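So the structure is just underneath, and the comments pick up after that.
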Amino acid sequence: MRGNVISYIEMCQKEGTSLQRGMNFRLKGHHSVILMSIRPNAPYHDEVQDDGAVLIYEGHDEPRRKGVANPKSLDQPERLPGGSLTENGKFHQAAQQFKVGKKGADIVQVYEKIKAGIWTDNGFFHLIDSWIESDGIRKVFKFKLIAVENVSDTSAAVEAESYLVERSRIIPTSVKLEVWARDGGKCVTCGATDELHFDHIVPFAKGGTSLKAENIQLLCARHNLSKSAKIL
Ligand SMILES: [Zn+2]
-1 MRGNVISYIE MCQKEGTSLQ RGMNFRLKGH HSVILMSIRP NAPYHDEVQD
49 DGAVLIYEGH DEPRRKGVAN PKSLDQPERL PGGSLTENGK FHQAAQQFKV
99 GKKGADIVQV YEKIKAGIWT DNGFFHLIDS WIESDGIRKV FKFKLIAVEN
149 VSDTSAAVEA ESYLVERSRI IPTSVKLEVW ARDGGKCVTC GATDELHFDH
199 IVPFAKGGTS LKAENIQLLC ARHNLSKSAK IL
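All residue numbers for the sequence shown refer to my numbering, where the first residue is -1 and numbers rise by one.
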């Protein structure tokens, strides 16, 4: 669920595989999974725009191997030496096919590292665009994804005409970090430190903002559920 705080192990359990890479195109033939970070020391320049509705995700470098001294000095690869597509190439192809109407938008589950050992489930996105740009030194891939609600996680892509329905947004990293520090990494109701969730005090669907720490609090799964029940 979007906003849940989870560990790396829980992420792997949820996806049913060991997430060794940041980009995972159509895991098991279903949705794709990407790991993002916008921390100052993050290896890639991922960016959240439009108040959390849009994610611009950077492609990934050549892996470190013999003969590759500094991957950051090389163009990000579209193909492997053998000619098959890299994860950059696969996401790029899917985004371009979507853009020309050949297929629906790919569904991408996004997880975000907010601190060492602390990840959040940023929910599902649709992959709607991609391009190659210069970062000043070399060429990098950029992927545009939009946050969406109520996506089935059993398919790889949505029907061509049904994208852009039920758009959503994520809580910006800076707000998550502010809330985490203020609430001491604990449920504000009972002090539990596991199964935490970034909860909107006034729900997003009722006009509550995601952009201010004053409207976000940490709740454990139990207190998040009991609160949802009251609101419904
Ligand atoms: Zn609690």
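Even glycine gets a Cβ: it sits at the ideal position worked out from N, Cα and C.
As the structure is a prediction and not an experimental result, all values here were calculated from the model.
**Study point:** Proximity test, L217 beta-carbon vs ligand 1 heavy atom, cut-off 7 Å
**Key:** Numbered from its first residue, the sequence shown carries residue 217 at position 219. Yes; taking the cut-off as 7 Å, the Cβ of L217 has a heavy atom of ligand 1 nearer than that.
Check your understanding: Any chance the stretch 35 to 46 sits against the stretch 105 to 120, with 3 or more Cβ pairs inside 8 Å?
Key -> Yes, the stretch 35 to 46 is in contact with the stretch 105 to 120.
Practice item. Enumerate in chain order the residues of its own chain whose CB-to-CB distance from A67 is below 8 Å, with the five nearest sequence positions on each side excluded. Key: Locating residue 67 in the sequence shown gives position 69, counting from the first residue. Here the set comprises nothing.
**Study point:** Closer than 7 Å: H198 CB and nearest ligand 1 heavy atom
**Key:** Locating residue 198 in the sequence shown gives position 200, counting from the first residue. No, ligand 1 has no heavy atom inside 7 Å of this Cβ.
**Study point:** Neighbourhood of T187 by C-beta distance below 6 Å, restricted to the same chain and skipping five residues each side
**Key:** Taking the first residue of the sequence shown as 1, we reach residue 187 at position 189. Excluding sequence neighbours, T187 sits near H221.
Practice item. Compute the Euclidean distance between the alpha carbons of V22 and H29, then round it to the nearest angstrom. Key: For the purposes of this step, residue 22 is identified with residue 24 of the sequence shown, where counting begins at 1. For the purposes of this step, residue 29 is identified with residue 31 of the sequence shown, where counting begins at 1. Note on residue identity: the sequence assigns Asn, not Val, to residue 22. C-alpha separation (whole angstroms): 9 Å.
Practice item. Just the C-alpha distance for K64 and P75, rounded to the nearest angstrom, thanks. Key: The sequence position of residue 64 within the sequence shown is 66, counting from 1. The sequence position of residue 75 within the sequence shown is 77, counting from 1. C-alpha separation (whole angstroms): 16 Å.
Practice item. Taking all protein chains shown into account, decide if R238 is buried (16 or more other Cβ within 10 angstroms of its Cβ) or exposed. Key: Residue 238 cannot be examined here, being either before or after the span of the chain that is shown, -1 to 230.
Check your understanding: For ligand 1, is there a heavy atom less than 7 Å away from the beta-carbon of A227?
Key -> Numbered from 1 along the sequence shown, position 229 holds the residue referred to as residue 227. Checking every heavy atom of ligand 1 against the Cβ of A227, none is found closer than 7 Å.
Review point. When the distance is taken between beta carbons, is V106 closer than 8 Å to E56?
Key: Your numbering for residue 56 matches position 58 in the sequence shown. Your numbering for residue 106 matches position 108 in the sequence shown. Against a cut-off of 8 Å, the Cβ pair of V106 and E56 comes out as no contact.
Review point. Less than 8 Å separating the beta-carbons of G121 and V156?
Key: Indexing the sequence shown from 1 puts residue 121 at position 123. Indexing the sequence shown from 1 puts residue 156 at position 158. Not in contact: G121 and V156 (Cβ atoms no closer than 8 Å).
Practice item. Tell me, please, whether the stretch 176 to 184 touches the stretch 208 to 223 by the rule of three or more beta-carbon pairs shorter than 8 Å. Key: Here the stretch 176 to 184 lies against the stretch 208 to 223, with 3 or more beta-carbon pairs under 8 Å apart.
Exercise for review: May I have a chain-ordered list of the beta strand (DSSP E) segments no shorter than 3 residues that lie completely inside the stretch 94 to 153?
Suggested key: Whole beta strand (DSSP E) segments, 3+ residues: 104 to 113, 116 to 132, 137 to 145.
Check your understanding: If you draw a straight line from the alpha carbon of K204 to that of E13, how long is it in whole angstroms?
Key -> Position 206 of the sequence shown, counting from 1, holds the residue named residue 204. Position 15 of the sequence shown, counting from 1, holds the residue named residue 13. Across the structure, K204 and E13 are spaced so that their CA atoms are roughly 31 Å apart.
Check your understanding: Is the distance from the Cβ of A145 to the Cβ of A211 below 8 Å?
Key -> Taking the first residue of the sequence shown as position 1, residue 145 is located at position 147. Taking the first residue of the sequence shown as position 1, residue 211 is located at position 213. With a cutoff of 8 Å on beta-carbon distance, A145 and A211 are scored as not near each other.
Review point. Under the three-state reduction of DSSP, which class applies to I4: helix, strand or coil?
Key: For the purposes of this step, residue 4 is taken as residue 6 along the sequence shown, with counting starting at 1. In this structure, I4 counts as strand in the three-state DSSP scheme.
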